[in-house]
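Q:
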Amino acid sequence: MFLSPRQPHGGRPYNGPPVTVPARHQLLPAREVDPRRALPAMEQQVLERWREREVFEESVRLRAGAEPWVFYEGPPTANGRPGSHHVLSRVFKDIYPRYKTMRGYQVQRKGGWDCHGLPVEIGVEKELGIGSKAEIEDYGIDKFNAKCRESVWAYLEEWNRLTERIGFWIDLEHAYRTLDPEYIESVWWALAQINERGLLYEGHKVVPYCPRCGTALSSHEVALGYRDVVDPSVYVRLPLHFPAGPLQDGDALLIWTTTPWTLPGNVAVAVAPGATYTRARVNGEVLVLAEDRVAAVLGEDAQVLERFPGSALVGQHYAGPIFDTGQAGEPPIIAGDFVTTDDGTGLVHIAPAFGEDDYEAAKANGLFDPHDPKTLFNPVKPDGTYDERVRNYAGRSYEGRFVKDPSLTKELISDLEERNQLFLKNNYEHSYPHCWRCGTPLIYYAKASWYIKTTAVRERMLAENDTVGWHPEHVKLGRFGDWLKNNVDWALSRERYWGTPLPVWRCAAGHVHVVGSFAELHSLSGVTLKDPHRPFVDEVRFPCAQCEQPMRRVPEVIDVWFDSGAMPFAQHHHPFADPGADFANDRERFPADFVCEAQDQTRGWFYSLLAISTLLWDTTPYRNVVCLGLILDADGQKMSKSKGNTVEPWAVLDAHGADAFRWYFFTSKQPWDGYRFSEEAIAEGVRQFLKQLWSTYFFYGLYAKANADALTQATDLLGGVGPRDDDLDVWALSRTAAVAELVGERLDAYDATTAGRAIAELVDELSNWYVRRSRRRFWDGDPAAFATLRTCLLTVSKLLAPFCPFIADEIYDNLDGTLASVHLCDFPAAADLPTRDPELEDAMAIARETVRLGLGARGQAKIKVRQPLSEAVIVASGRERAAIERLADIVREELNVRQVRFVAGADELGEYEVKANYRTLGPRFGKHMPQAADAIAALDPAHVAKMVREEGQLGIAIDGRDHTLTPADVLLTMRPPEGYSVEREGAHAVALDLTIDADLLREGHAREIVHAVQSARKSAGLQIEDRIELSLSGDPALVEAAEAHSDYLIGETLTVDLRLGDDGAAADMEHREQAAIDGLSLLIALRRAEPA
RNA sequence: GGGCGAUUAGCUCAGUUGGUUAGAGCGCUUCUCUGAUAAGGAAGAGGUCCCAGGUUCGAAUCCUGGAUCGCCCA
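Going by this note's numbering, the first residue of the first sequence is number 115, and it counts up by one from there.
Here is the structure:
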């Protein structure tokens, strides 16, 4: 039964620390409710209670042995202050685990911290006032890394505080940390596994590189250093030795470059295979270039001799190399899909060591072996100077010359000129990246780098991705699927210091050994590392198994995304802590049922998780992913510290509370669409929802206290409250059940937004309809009303628990408290919920609509609702009429009329109009729909109404053919007559009789007087249950009205002694007020009556 | 340049498989109710559903093209 305490299924009884649950009658709340309670302060108290009762721990313990539901925490870095976007992801990481726990699953939540990486290093560099790798090495890698280790935790305390404050339940005490030796060992193990499959290799990566600092720059650093510069723009002839296809003797290819220093690295020329190329004659020579570029490059006088597609050039060779570098053979023309004809000549010189497109194109055409770094032709040394191979054809060496030296550029160009290969030179102004530290122009430069051959599992990753539930759905095939389709091998290594060391050792002969555990390293070298970080690990050497030469570790550390992507197993120190475990089939640990991060993680964590798990176990590491959008400020601007438009989480929490913060994120919009964040929006949620809920809860508490005696005796309602006789009770319970079903269904679909909005709607209905219409019964102490509202509130508190865990727990604890927290309860399931009565839900909707129309009619006539009227005339028939008749009392009271009368037809109130129902007839008539609609509109509405009512069908001729229409096919609409106070909508209208006779007027006055007395009671500071002595004097009409309705007056105002028209009595009362009613004056005097 | 998403009232957002006159909240104006609610209710003002084509009896919704904004990539 719904109200009875239940054992949560799938777990043991509560056996945590002793919990004090106040002994009390169940319909009575444990504590009084403060209507103006500040929510943040309330939340602090709830937090305290959670700590005392160990509610989080217990909520997990309780489900021991139950089916696991696995959550992975994507680790944040604690070296920066947490912001609002962290609150966003953390509350979404909280709501679903809470929900699933209440559904009976066991949800372990292990926290985690990402500790390595460039952001940490940069923070330390700033702190030390240094900015280059040389300076770090001068400072000492050991000391530098020690600083990094420290600074990782700079804001740990604030992270922990914020995590607790927002109600994010996660085990921070046993959080995994990517810097721990155990974690690193698991990462090593994974790399060794990948290596055993032959998927770890050394290749090249073309990176923005500062030749002076000798360091690669991150894209962020590159963005810091763009400057407008003037570079030479040179067009170079490449003669042909053996022209073929469309090419002829004496033709030359024409290429364009703004970086002449890359020409010695040339190994090919790329063309766009689909574009049109020409042989064009200008000044007696024939040049080959894209047709689109002829006029711009050769001038208007150039003569196009022949056109052909770029593909006709592919496979031909030109005379080369451009500079004498000792390269053998003639370089080829290849296809490049990146080649455009927007600038240059449509023929692009390819130097694979100096451009990413170049590198990929050369690799794709087999111009070097990507798995053998030595085969990539790179004549530039890491210090930015040419090596001994570069010379001109006169034999002059360029060895040792710095490639960005302007005088070198001049020499290279004049060398081309001397050989008659320079076609044109001018200047080119463009934005070019420079080193943000030293100002040197950056070069794109192929660095040796370690790769994981993820392309080997690309198809597998795509197949696995297909099984993942992405939210929003479009990420699967869109952003993420697209990324996977274009997957390239994972560049794993970083030439940095603070990171998981790459466990690769190599000897002078180039033999490679990948170490997969500390034990293995010990057995090879005899060394036991206390700290596996650099520089200690760098010192470990051991003899090569093949050649006996010493093996030394390569200097790189690994990409931090590999760290975090390894968390499914590394957080458990698998396989070292659980030898022999079948991890991939361990339902308690793998795969995750749920992960949740911001959308930028598609290329970050979501990818690294999938890649690693696919490499190791051929399977996805997660089943459902929720992607969160970006938080913008109220003007749609990205939040950033420099703009000063960030919203500090603490300010929001202090002012509005965690529930309000959470509620905003859950319900203001679908989370992946991003937010326009403002405190005002959060405050609105508080007013609209949290305060309304609190106020309903307060109302319950207030009247429960006032009726404590009656409720204490009403024990029969507690065993199990079935459907009540009262329509409002049944309706409220039915609506609650309906919303509970919907909320469960939506949360199962990871749609917290729709679920939350449904809860808000329910609370609104309870507050503004159920309670509003049931006040009298609460005033009278009707236990059924209390039991109903209590059931609804408790159900709401359970539905709301995953969303707003604080207010939900406060309400539960005070109204029920059987368990130590609402978070130990089961989520309301169908079997626990009150019975649905869809017919009544429907009827109530119609009744409310009728009331709305009636109030509209009153508004038109400008007659206050307090003034009773004799009659409301309602036009309705069939289902609607039955609904309103069933709920006539509610309609009557709400409209304040003495009776409601029904008229079946329009006859008395107006006329019908008849229209076709497009929805049913459209599919039937198709193209003939307009004729059908016309024919129906031409019918006599009264006849249609009669036929529909009496026959249930209607014959009609359309285009000379007979058709039978059902009542659903026609829509009857009211048209009101002139001069009536009528509100209408659809087939439905309400008219009010506006005659106010003396009797009605007296009753209206009586109600006004009661209202005035109630205000006086309130301003006199009386409690709602206080009895009073009351004296009314003044205008005779008012006194007369009070007399005529004295029973009503006495009952409403709790008067034990009523004096009318007695000025003397008024003089004795402490509290006197002058009231004006309908322009008449009334003196109200009252005092509290002593209890008998 | 490519991929993805968004565009509906002054603002924040709903809008189910295409169906009659496109909704809510906030804000504004007027009125009103209230012994729970700095709340609620009624009425009013406020819309080329980004634009242009197309499909259809019928398009905010489906298709094509374009614009603007955002994110990611190049």
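No residue lacks a Cβ here, since even glycine has one placed at the ideal position from N, Cα and C.
1. With a floor of 4 residues, list each alpha helix (DSSP H) that falls wholly inside the stretch 656-709, ordered by position along the chain.
2. For His-199, which three-state DSSP category applies?
3. With H, G and I counted as helix, E and B as strand and the rest as coil, what does DSSP make of Gln-981?
4. Residues in its own chain within less than 8 angstroms of Ala-874 by CB, not counting five upstream and five downstream?
5. Does the structure place the stretch 365-383 close enough to the stretch 447-462 that three or more beta carbon pairs sit under 8 angstroms?
6. Straight-line CA distance for Lys-567 to Leu-490?
7. Starting from Ile-448, trace the beta strand (DSSP E) in both directions and tell me its first and last residue.
8. Quick one: Cα of Ala-268 to Cα of Val-857, how far?
9. Between the stretch 217-228 and the stretch 812-823, do at least 3 Cβ pairs fall closer than 8 angstroms?
10. Looking only at its chain, what residues have a beta carbon closer than 8 angstroms to the beta carbon of Pro-982, apart from the 5 residues adjacent to it on each side?
11. Would you report the Cα separation of Ile-925 and Tyr-186, rounded to the nearest angstrom?
12. Taking DSSP as the reference, what is the three-state secondary structure of Tyr-778?
13. Just mark Ala-863 as buried or exposed, buried being the case when its beta carbon has 16 or more other beta carbons within 10 Å.
14. Counting Cβ pairs closer than 8 angstroms, one from the stretch 404-413 and one from the stretch 429-445, do we hit at least three?
15. Looking at the secondary structure, which residues open and close the beta strand (DSSP E) in which Ile-1123 lies?
16. Based on DSSP bridge pairs, tell me the residues matched to Cys-741.
17. Roughly how many angstroms separate the alpha carbons of Trp-561 and Pro-487, rounded to a whole number?
18. Report yes if the C-beta distance between Glu-1157 and Leu-1174 is below 7 angstroms; otherwise report no.
19. Going by beta-carbon coordinates alone, are Val-344 and Asn-541 separated by less than 7 angstroms?
20. For Trp-375, which three-state DSSP category applies?
21. Assuming Leu-861 contacts Ala-869 under a Cβ cut-off of 8 angstroms, what Cβ separation, rounded to an integer in Å, is found between them?
22. How many Å lie between Tyr-546 and Arg-515 at the Cα?
23. Compute the distance between the beta-carbons of Thr-734 and Phe-594, then report whether it is under 7 angstroms.
24. Whole angstroms are fine: how far does the CA of Ile-308 sit from the CA of Asp-603?
25. Round the Cβ separation of Leu-876 and Thr-905 to the nearest angstrom and send it over; I've been treating them as touching at under 8 angstroms.
26. So what does Asn-540 bridge to, in DSSP terms?
27. Is Lys-224 helix, strand or coil by DSSP?
28. Measuring only the C-alpha atoms, how far is Thr-113 from Gly-679?
29. On the premise that Asp-256 lies in contact with Pro-617, defined as a C-beta separation below 8 angstroms, what is that separation, rounded to the nearest angstrom?
30. Would you mind stating whether His-687 and Ser-300 have Cβ atoms separated by less than 7 angstroms?
31. With a 10 Å radius around its C-beta and 16 neighbouring C-beta atoms as the bar for buried, classify Arg-891 as buried or exposed.
32. Where do the ends of the beta strand (DSSP E) carrying Pro-423 lie?
33. What is the residue span of the alpha helix (DSSP H) that Val-857 lies within?
34. Please confirm whether Asp-930 and Leu-908 have their CB atoms less than 7 angstroms apart.
35. Does Val-418 pass the burial test, meaning 16 or more other C-beta atoms within 10 Å, or should it be called exposed?
36. Which whole runs of the beta strand (DSSP E) in the stretch 231-255 are 3 residues long or more, in chain order?
A: In terms of the structure at hand:
1. 674-679, 681-684
2. Counting from one through the first sequence, the residue named residue 199 turns up at place 85. In this structure, His-199 counts as helix in the three-state DSSP scheme.
3. Taking the first sequence and counting its residues from 1, the one referred to as residue 981 is at position 867. In this structure, Gln-981 counts as coil in the three-state DSSP scheme.
4. By one-based count along the first sequence, residue 874 stands at place 760. Within the same chain, Ala-874 has close Cβ partners Thr-781, Gln-802, Phe-803.
5. yes
6. Here residue 567 corresponds to residue number 453 of the first sequence, with the count starting at 1. Here residue 490 corresponds to residue number 376 of the first sequence, with the count starting at 1. One C-alpha to the other measures close to 18 angstroms.
7. For the purposes of this step, residue 448 is taken as residue 334 along the first sequence, with counting starting at 1. Where Ile-448 is concerned, the enclosing beta strand (DSSP E) stretches over 447-449.
8. Position 154 of the first sequence, counted from the first residue, corresponds to residue 268. Position 743 of the first sequence, counted from the first residue, corresponds to residue 857. Their Cα atoms are separated by approximately 40 angstroms.
9. no
10. In the first sequence, counting from the first residue as 1, residue 982 sits at position 868. Excluding positions up to five away in sequence, the list reads Asn-1010, Val-1011, Arg-1012, Leu-1114, Glu-1117, Gly-1118, Arg-1121.
11. Counted from its first residue, the first sequence places residue 925 at position 811. Counted from its first residue, the first sequence places residue 186 at position 72. Taking the straight line joining both Cα atoms gives about 31 angstroms.
12. Indexing the first sequence from 1 puts residue 778 at position 664. Helix, per DSSP.
13. Numbered from 1 along the first sequence, position 749 holds the residue referred to as residue 863. That one is exposed.
14. no
15. Here residue 1123 corresponds to residue number 1009 of the first sequence, with the count starting at 1. No beta strand (DSSP E) holds Ile-1123; the alpha helix (DSSP H) holding it covers 1112-1133.
16. Position 627 of the first sequence, counted from the first residue, corresponds to residue 741. BP columns for Cys-741 point to Glu-711.
17. Translated into positions along the first sequence, residue 561 becomes position 447. Translated into positions along the first sequence, residue 487 becomes position 373. As written in the sequence, residue 561 is Lys, which differs from the Trp given in the question. Their Cα atoms are separated by approximately 9 angstroms.
18. Here residue 1157 refers to the residue found at position 1043 when the first sequence is read from its first residue. Here residue 1174 refers to the residue found at position 1060 when the first sequence is read from its first residue. Result yes, Cβ atoms of Glu-1157 and Leu-1174 sit closer than 7 angstroms.
19. Taking the first sequence and counting its residues from 1, one reaches residue 344 at position 230. Taking the first sequence and counting its residues from 1, one reaches residue 541 at position 427. Cβ distance < 7 angstroms, so Val-344 and Asn-541 count as in contact.
20. Here the question's residue 375 lines up with position 261 in the first sequence. Helix, per DSSP.
21. Residue mapping note: residue 861 aligns to position 747 of the first sequence, counting from 1. Residue mapping note: residue 869 aligns to position 755 of the first sequence, counting from 1. Sure, about 5 angstroms apart at Cβ, within 8 angstroms.
22. Your numbering for residue 546 matches position 432 in the first sequence. Your numbering for residue 515 matches position 401 in the first sequence. When rounded, the distance between both Cα atoms is 21 angstroms.
23. As a working note, residue 734 is residue 620 in the first sequence. As a working note, residue 594 is residue 480 in the first sequence. No; because the gap between Cβ atoms is not below 7 angstroms, this pair is not in contact.
24. The sequence position of residue 603 within the first sequence is 489, counting from 1. The sequence position of residue 308 within the first sequence is 194, counting from 1. Cα to Cα, Asp-603 sits roughly 13 angstroms from Ile-308.
25. Indexing the first sequence from 1 puts residue 876 at position 762. Indexing the first sequence from 1 puts residue 905 at position 791. With a Cβ gap of about 13 angstroms, Leu-876 and Thr-905 do not count as contacting.
26. Residue 540 sits at position 426 when you count from the first residue of the first sequence. DSSP lists Ser-347 as partners of Asn-540.
27. Taking the first residue of the first sequence as 1, we reach residue 224 at position 110. Lys-224 falls in the strand class under three-state DSSP.
28. Past the boundaries of the shown model lies residue 113; the chain is included only from 115 to 1206, so the question cannot be answered.
29. Working through the first sequence from its first residue, we reach residue 617 at position 503. Working through the first sequence from its first residue, we reach residue 256 at position 142. Pro-617 to Asp-256, Cβ: 19 angstroms. No contact.
30. Locating residue 687 in the first sequence gives position 573, where the first residue counts as 1. Locating residue 300 in the first sequence gives position 186, where the first residue counts as 1. Yes, the Cβ-Cβ distance between His-687 and Ser-300 is below 7 angstroms.
31. Numbered from 1 along the first sequence, position 777 holds the residue referred to as residue 891. Classification for Arg-891: buried.
32. As a position in the first sequence, residue 423 is number 309, starting the count at 1. Here the beta strand (DSSP E) through Pro-423 covers 417-423.
33. Residue 857 sits at position 743 when you count from the first residue of the first sequence. Val-857 -> alpha helix (DSSP H) spans 841-862.
34. One-based indexing of the first sequence puts residue 930 at position 816. One-based indexing of the first sequence puts residue 908 at position 794. Closer than 7 angstroms, so yes.
35. Residue mapping note: residue 418 aligns to position 304 of the first sequence, counting from 1. Burial call: exposed.
36. none
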